[in-house]
Amino acid sequence: MTAAAKSPSVVFENVSFRFSEHGEWIVKDINISIAPGEWISIVGGNGSGKSTFVKLVNGLLKPSLGKVLVFGESTDSANIRNIRQLVGMVFQNPDEQTVGVTVEEDIAFGLQNLMFPRDEMISRIDRILKLLQLEELRYRPVRTLSGGQKQLVAIAGILVMHPRIIIFDEASSMLDPQNAGKLLGVMSELHRMGLTVIQVTHDPEDIWKADRILVLNHGRLAFAGDVPSLMKQSDILEEAQTLPPFLVRLQKALRTKGMELPACCGSEKELAKSIWESNSAM
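Counting in this note's numbering, the sequence shown runs from 851 upward without gaps.
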């Protein structure tokens, strides 16, 4: 294994960002390291700096102070083009990422720009269409697709470039519950394949599968840890103007009714068991 493969996928070293010299700080003094293959969910209220954070990861924005490293390379370096090939980004509105007339043309766009040999392009497209179960849509005009299908095509256009990090910036916010669930399933599969997944979400129910949660509050990193740890400190979410998951709110409501429960139940099964034990003790 090379030194680059062993290094963290992303490192923020004392990173702050603002759009102008005398402007308001959008991100303030963030230090964080993200391991290769880790699934990170980023939550926080409007204006908390979530989208700015991920744009700093792929070099769309440069730090005003501090340094961002992607697999050991600074986003300030001359290697920014290489970094952007390692980091794919799925946006909120799939129409913003549509460039081809048909699904196949759309997916091939990035490879064509890099002048990949046709045989290699076709091979990669075949694999990605199969992975995302889009084979039947290969020759469909993109404009005829549903929002969920367009989002999957956008993901395919990124995966065909073989990134090592994929960012989902509120990617499910315009999808219906069924397609949002499918998108979460795709994230799980990419995580299983070893990609680093960074997910910005406004939906508290989306965070359960992540390895770690980052809570941003007015540009500062208020919390970085796993889901059980965050659930035991759910006030951090409320302070960051973020609704806690339903399971946490339900437990809080039950406690106000006098029911004795542990600090946090991490699943419906655990909560049901705790309620049963609490009732049995009465």
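Glycine is no exception: its CB is placed at the ideal position from the N, C-alpha and C atoms.
Which of helix, strand or coil DSSP assigns to residue i
i       : result
Pro1146 : With the chain represented from 851 up to 1132, any question about residue 1146 goes unanswered, as that position is not in the structure.
Ser870  : coil
Ala854  : No answer about Ala854 holds up, because its pLDDT of 43 lies below 50 and its placement is not dependable.
Best match in the options for proximity to residue i [C-alpha to C-alpha]
i       : options                              : result
Ile972  : Gln983, Leu987 and Glu955            : Glu955
Pro1054 : Arg1042, Asp1026 and Gly895          : Gly895
Arg974  : Ile882, Leu995 and His1012           : His1012
Glu863  : Lys1059, Val907 and Ala958           : Val907
Trp1058 : Phe869, Leu964 and Ser891            : Ser891
Leu936  : Phe867, Gln1083, Leu1009 and Leu1071 : Leu1009
Leu1045 : Met939, Asp926, Val877 and Val918    : Met939
Leu1097 : Gly1075, Asp1056 and Pro944          : Asp1056
Lys1000 : Asp976, Glu874, Asn1029 and Ile1017  : Asn1029
Ile1048 : Ile978, Glu1089 and Pro886           : Pro886
Val1133 : Asn963, Glu874, Met1109 and Gln947   : The requested residue 1133 is not part of the displayed model; the chain covers only 851 to 1132.
Phe988  : Phe966, Val951, Pro967 and Ile1015   : Reading off the sequence shown, one finds Arg at residue 988, where the question assumed Phe. It is Val951 whose Cα lies nearest to the Cα of Arg988.
Lys912  : Leu1087, Pro944, Arg1014 and Ser870  : Ser870
Distance CB(residue i)-CB(residue j) smaller than 7 Å
i       : j       : result
Val953  : Val1003 : yes
Ile884  : Val860  : yes
Gln942  : Ser857  : no
Asp1019 : Ser901  : yes
Thr1092 : Val893  : yes
His1041 : Trp889  : yes
Ser1084 : Pro1094 : yes
Gly909  : Ile933  : yes
Gly998  : Ile876  : no
Ile957  : Gly1007 : yes
Lys917  : Ser927  : no
Ala1072 : Ala1060 : no
Ser914  : Arg977  : no
Boundaries of the alpha helix (DSSP H) in which residue i is found, first to last residue
i       : result
Asn963  : Val953 to Asn963
Ser973  : Arg968 to Leu981
Gln942  : Where Gln942 is concerned, there is no enclosing alpha helix (DSSP H), given that its DSSP letter is neither H nor E.
Val1010 : Neither: Val1010 is in no alpha helix (DSSP H) and is coded neither H nor E.
Endpoints, the beta strand (DSSP E) within which residue i is located
i      : result
Lys878 : Val877 to Ile884
Val861 : Val860 to Phe867
Any non-hydrogen atom of the ligand ADP closer than 6 Å to residue i Cβ
i      : result
Lys980 : Absence of the ligand ADP is noted for the structure shown, with no ligands found whatsoever.
Can you give, in chain order, each stretch of the beta strand (DSSP E) that sits fully within the region 1012 to 1100 and has at least 3 residues? Complete beta strand (DSSP E) runs here, min 3: 1015 to 1019, 1046 to 1050, 1062 to 1067 and 1070 to 1075.
Those runs of the alpha helix (DSSP H) which lie wholly inside the region 894 to 936 and span at least 4 residues: Fully enclosed alpha helix (DSSP H) runs of 4 or longer: 900 to 907 and 930 to 936.
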